[in-house]
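Below is one structure, written out as structure tokens; comments come after it.
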Amino acid sequence: MSKRLASALVALTMVCGASAPALAQQAATIEALSAPGGVVVTWRLTQPTTRATFLSPSVIRDLWTVTTPGLALKDGGVEGEEPFDRFEIQIAPDAAEVDRTYMGLSRVGAGHVLYGPGLELVGMDAVLTARPVAGEAALPITDAVKGYVYLGPQEAVMRRDGAVVVTSASAPPALTLLLRDGFFAAQKFYDARLGHVLPTEPTLIISTDSPGPSGFRGDVTDTGVISLRFHGDWASPPPDVAVPLGTFVWHEALHLWNGHGVMRDSGPAPWLHEGMAEYGALVAAVSSGVVDEAQGRAALTKRLRACRDMLLDDDYDPARLRRGPAIYDCGVVVQWLADLETRQASNGARDVFDLWKTLLDAAREGEGYGVSEFRALLRPDSAVAVLMDGPGAGRWAGVDARLAQLGVTLGNQPEARDYRRAALHHVADQHCRGDMGFYENLDGLQLATEDRCGVLSGDPKIALIEDIDPMAEGEAMFMAVQARCAASLPVRYRTPDGQVIEAACDRPLAAPTVQAVTAAPPLATRAV
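According to the numbering used here, the sequence shown is numbered sequentially starting from -11.
In structure tokens:
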């Protein structure tokens, strides 16, 4: 996923606002070399100083060790009692992934990926050079300080059709093939639909050496480098990740077009570029046969449900779409609505890619794009306005009506987890002061009740409810709870150690209403 950290932008604005002589007098040349356990980076300054402050405060530097005597890493910078014009830091790979934050250093097999902007210093121009030793490759060669840089074995690098792929030696062959072929196919698709405009050589880095905790993550930098990182065993991915895994590289590849250099509202409205990357990837993948129409509709169902759960019937609050999954969930819904309207208005001659080509062409000629430019391309009474501008109380009825006009049929299709969650919340509502949460873990269900929920307090782990495994048989468990509540009988929870918790229930439990996309205009579109 592509990101531009607000703090870095503020610092960069300060640099650009300084006088020209100050920039010319102080600069840094940075050199990176492979070393045991990571990389060694050396900074050389044109003028001595007692403190050099890193431009980006958001890079995790917990595993950075200053090896230059008399200097120390403190408060986001390197400082010493005496002036210095050179310092060296040993950088080890980050210990964990952090949401919407670039990794300072990550492993890819025997090599590493270094985040160039994390090395920049406040008030200084900088040039980064990665120095490969015999048998190593370093890429990209130019503007390395602007993004990710690979430094590692040459044998991990493959070039084809004007693009580069770097792969961990430990990556499963099936995973490598899916991502590599998807990357090359995505280049051709987006190049044809959005224009042959990339200023850099596209590079994909596939690593199965992520520290986690996320199963897989990805992001893109200004150097045209896409980093995909996987944690755990990916030799046989579970079926429920087939679609997100199939569209993963398509999503990140689209950011080469709609990301850095042209987007303007990445901080206040990340749902715009992330939503298009996710929805555009789905459309492109369906159009290319990577996933089918049924899988595409199922993916849209999940996004629509999740966006509905986030926005609810409250008036629109932009802050809700600045963090977490809602960026993607509601972002996809916005692009789907725009696509449906564009196709219907043009009798299928135009689609969301035509819309975005117009947006991006203007952005490259001007000062980038943002929400206002995107919405200016939509019809005045767009369904997007119903979603984002109208009163919250009528939002979803209005969106559902618009979807029907656009050829979408919604039906009530609750899944096992919907039944499970409905039953859990129904009983909890009769016992809790405030909200109750729960964790649907691989090793079972755990309530998050603290001391707010009477007999259900204490965050108990739950093995059975009415002698039924709630994780394996959510609908059957719901039916059993529904029968107990209808008879005003307590619902019986059994913990793994055999303890039985009886929670009173005297209110009728209604079946959940969960909408699904049962029919819709095809997602597939033209590839040229």
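Here a beta-carbon is modelled for each residue, glycine too, at the ideal position from N, C-alpha and C.
Just so we're clear, the structure is a prediction, and the values are computed from it rather than from any experiment.
Straight-line gap, residue i to residue j (C-alpha atoms, nearest Å)
{"i": "residue 313", "j": "residue 295", "result": "9 Å"}
{"i": "residue 406", "j": "residue 55", "result": "55 Å"}
{"i": "residue 474", "j": "residue 282", "result": "37 Å"}
{"i": "residue 359", "j": "residue 46", "result": "25 Å"}
{"i": "residue 67", "j": "residue 131", "result": "27 Å"}
{"i": "residue 356", "j": "residue 344", "result": "12 Å"}
{"i": "residue 563", "j": "residue 309", "result": "Residue 563 lies beyond the residue range present for the chain, which begins at -11 and ends at 516; the question has no answer from this structure."}
{"i": "residue 428", "j": "residue 488", "result": "20 Å"}
{"i": "residue 176", "j": "residue 188", "result": "15 Å"}
{"i": "residue 496", "j": "residue 472", "result": "9 Å"}
{"i": "residue 167", "j": "residue 237", "result": "6 Å"}
{"i": "residue 149", "j": "residue 125", "result": "19 Å"}
{"i": "residue 431", "j": "residue 69", "result": "53 Å"}
{"i": "residue 253", "j": "residue 316", "result": "15 Å"}
{"i": "residue 12", "j": "residue 109", "result": "Legend: pLDDT at residue 12 = 44, less than 50; position of this residue unreliable, value from coordinates given subsequently. Each residue's Cα considered, the two are about 14 Å apart."}
{"i": "residue 232", "j": "residue 174", "result": "15 Å"}
{"i": "residue 391", "j": "residue 339", "result": "16 Å"}
Within 8 Å, strictly: CB atoms of residue i and residue j
{"i": "residue 72", "j": "residue 37", "result": "yes"}
{"i": "residue 211", "j": "residue 135", "result": "yes"}
{"i": "residue 453", "j": "residue 434", "result": "no"}
{"i": "residue 79", "j": "residue 51", "result": "yes"}
{"i": "residue 396", "j": "residue 479", "result": "no"}
{"i": "residue 219", "j": "residue 203", "result": "yes"}
{"i": "residue 41", "j": "residue 65", "result": "yes"}
{"i": "residue 92", "j": "residue 49", "result": "yes"}
{"i": "residue 106", "j": "residue 158", "result": "no"}
N-terminal and C-terminal residue of the beta strand (DSSP E) that residue i is part of
{"i": "residue 507", "result": "503 to 507"}
{"i": "residue 113", "result": "113 to 118"}
{"i": "residue 41", "result": "26 to 41"}
{"i": "residue 90", "result": "First-last for residue 90: undefined, no H or E at that position."}
{"i": "residue 517", "result": "No information on residue 517 is available, as it lies outside the stretch -11 to 516 that the chain covers here."}
{"i": "residue 213", "result": "213 to 218"}
{"i": "residue 137", "result": "136 to 141"}
{"i": "residue 353", "result": "Premise fails: residue 353 lies in the alpha helix (DSSP H), 340 to 353, not in any beta strand (DSSP E)."}
{"i": "residue 173", "result": "Here residue 173 belongs to no beta strand (DSSP E); instead the alpha helix (DSSP H) covers 161 to 182."}
Limits of the unbroken alpha helix (DSSP H) element including residue i
{"i": "residue 467", "result": "462 to 474"}
{"i": "residue 224", "result": "Unbroken run through residue 224: none, as it is neither H nor E."}
{"i": "residue 374", "result": "371 to 376"}
Anticipated Cβ contact below 8 Å, residue i with residue j, distance rounded
{"i": "residue 347", "j": "residue 328", "result": "That belief does not hold up - the Cβ atoms of residue 347 and residue 328 are roughly 17 Å apart, past 8 Å."}
{"i": "residue 133", "j": "residue 115", "result": "6 Å"}
{"i": "residue 525", "j": "residue 373", "result": "Any answer about residue 525 is impossible in this case: the structure gives the chain only from -11 up to 516."}
{"i": "residue 425", "j": "residue 436", "result": "4 Å"}
{"i": "residue 113", "j": "residue 94", "result": "Wrong, their Cβ atoms sit about 26 Å apart, outside the cutoff."}
{"i": "residue 273", "j": "residue 242", "result": "Not quite, the Cβ-Cβ distance comes to about 11 Å (not below 8 Å), so this is no contact."}
{"i": "residue 139", "j": "residue 22", "result": "6 Å"}
{"i": "residue 275", "j": "residue 513", "result": "5 Å"}
{"i": "residue 284", "j": "residue 511", "result": "5 Å"}
Are the stretch 306 to 322 and the stretch 257 to 265 in contact at 8 Å, needing three or more beta carbon pairs? Result yes; three or more Cβ-Cβ pairs closer than 8 Å.
Any 3 or more C-beta pairs closer than 8 Å across the stretch 404 to 422 and the stretch 459 to 479: These segments touch.
Touch check for the stretch 486 to 495 and the stretch 456 to 463: three-plus C-beta pairs under 8 Å? Contact fails: fewer than three Cβ-Cβ distances are below 8 Å.
Using a Cβ distance threshold of 8 Å, determine whether the stretch 151 to 164 contacts the stretch 95 to 102, with at least three qualifying pairs required. With the cut-off at 8 Å, the stretch 151 to 164 and the stretch 95 to 102 touch.
Does the stretch 283 to 291 touch the stretch 500 to 513, meaning 3 or more C-beta pairs lie closer than 8 Å? Enough Cβ pairs lie closer than 8 Å, so yes.
Below 8 Å, how does it come out for the stretch 200 to 210 and the stretch 169 to 180: are there three or more Cβ pairs, yes or no? Of all C-beta pairs linking the stretch 200 to 210 to the stretch 169 to 180, fewer than three are shorter than 8 Å, placing the two stretches out of contact.
Cβ contact (3+ pairs, closer than 8 Å) linking the stretch 188 to 196 and the stretch 213 to 221: Flag = yes, the stretch 188 to 196 and the stretch 213 to 221 touch.
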